[in-house]
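A.B. asks: Just so we're aligned: the sequence shown equals residues 7 to 235 in our numbering.
Would you mind keeping the following structure in view while I ask a few things?
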Amino acid sequence: MPKRQDIKIAPSILSADFADFGAEIRAIESQGADWVHVDVMDGHFVPNLTFGPPAVAAFRRHVTTVMDVHLMIAPVDPYIEAFAQAGADILTAHLEAGPHIHRTLQAIRAAGCKAGLALNPGTPAEAVAPLLDMVDLVCVMTVNPGFGGQSFLDLTDKVRTLRALIGDRPVHIEIDGGVTPDTAPLVAAAGADVLVAGSAVFKGGSVSDPDPYGTNIRAIRKAAQGAIG
Ligand code: DX5
Ligand code: ZN
Numbered sequence: 007m008p009k010r011q012d013i014k015i016a017p018s019i020l021s022a023d024f025a026d027f028g029a030e031i032r033a034i035e036s037q038g039a040d041w042v043h044v045d046v047m048d049g050h051f052v053p054n055l056t057f058g059p060p061a062v063a064a065f066r067r068h069v070t071t072v073m074d075v076h077l078m079i080a081p082v083d084p085y086i087e088a089f090a091q092a093g094a095d096i097l098t099a100h101l102e103a104g105p106h107i108h109r110t111l112q113a114i115r116a117a118g119c120k121a122g123l124a125l126n127p128g129t130p131a132e133a134v135a136p137l138l139d140m141v142d143l144v145c146v147m148t149v150n151p152g153f154g155g156q157s158f159l160d161l162t163d164k165v166r167t168l169r170a171l172i173g174d175r176p177v178h179i180e181i182d183g184g185v186t187p188d189t190a191p192l193v194a195a196a197g198a199d200v201l202v203a204g205s206a207v208f209k210g211g212s213v214s215d216p217d218p219y220g221t222n223i224r225a226i227r228k229a230a231q232g233a234i235g
């Protein structure tokens with residue numbers, strides 16, 4: 007199990023300058039990002055459209071840390087191989103994306119990626135219990151997926167339940183949506199160790215003035231660490 011105090015910050019490039027992804031990725035990594043979070047949306051599972059495999063492969067050329075690819079698409083199985091080929095280190099699928107999540111998770115690992123399982127806000131923590139030996143990460147959505155910049159939904163009880171269900175397994179708990187220095191302590195104290203943040207990382211900065219990215223990342227990390235000692 008990852009050490010509780012080993013908080014990772016994963017900026018979501020959904021809040022980056024879409025005309026300059028390479029420079030944005032290099033900027034957040036040089037400012038202390040642990041992972042790079044890539045939000046793939048299909049306009050069907052969620053009401054927004056973002057990136058396909060060729061775009062993700064282009065991002066890969068700039069990522070030197072971990073490329074964490076969050077698939078908000080349904081169906082998901084036909085695209086797993088393509089996103090693995092695009093260079094995802096972690097591929098996360100939604101439990102709600104289809105009737106055969108067990109098969110999906112098998113396919114992700116067979117494609118050579120770490121397997122993530124994301125839960126919409128309305129899906130209970132207990133739903134992952136039969137799948138915990140098949141995953142490397144559980145992503146708890148603390149907004150309804152589809153857009154950056156939404157308000158945090160306080161699901162700390164769900165995170166706590168999930169941490170208890172995971173027990174000693176080496177499974178990350180990732181929080182995605184509305185993470186800020188104010189909300190990070192709540193989920194860190196409940197057992198989360200990976201914090202995705204889009205608007206709270208990118209606000210106030212740019213590729214020509216990236217220092218605010220570092221200030222923002224450090225503020226989230228410090229707030230989270232402060233909650234777990
Ligand atoms: C939402 C995405 C998130 C989003 C987070 O569907 O999965 O990764 O970019 O953005 P913020 O941190 O602004 O809520
Ligand atoms: Zn995401």
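The C-beta atom is built at its ideal place from N, Cα and C for all residues, glycine as well.
(1) In the DSSP assignment, what are the bridge partners of G122?
(2) Any chance the CB of D182 is under 7 Å from a heavy atom of ligand 1?
(3) May I ask whether a heavy atom of ligand 1 can be found less than 7 Å away from the beta carbon of Q37?
(4) Quick check: I181 and T148, are their CB atoms within less than 8 Å of each other?
(5) Three or more beta-carbon pairs under 8 Å between the segment 79-88 and the segment 210-219, yes or no?
(6) Using a threshold of 8 Å, state whether the C-beta atoms of V200 and H178 are closer than that.
(7) Please state whether the Cβ-Cβ distance between I15 and I223 is less than 8 Å.
(8) Rounded to the nearest angstrom, what separates N54 and A29 at their Cα positions?
(9) Can you tell me whether S18 is buried or exposed? The criterion is at least 16 other CB atoms within 10 Å of its CB, across all chains shown.
C.D. replies: Taking the geometry as given:
(1) T98, L143
(2) Answer for D182: yes, Cβ within range of ligand 1.
(3) no
(4) Note that the C-beta distance between I181 and T148 is below 8 Å.
(5) no
(6) Yes, Cβ-Cβ distance for V200 and H178 is below 8 Å.
(7) Judged by their CB atoms, I15 and I223 are nearer to each other than the 8 Å cut-off.
(8) In this structure, the CA atom of N54 is about 24 Å from the CA atom of A29.
(9) buried
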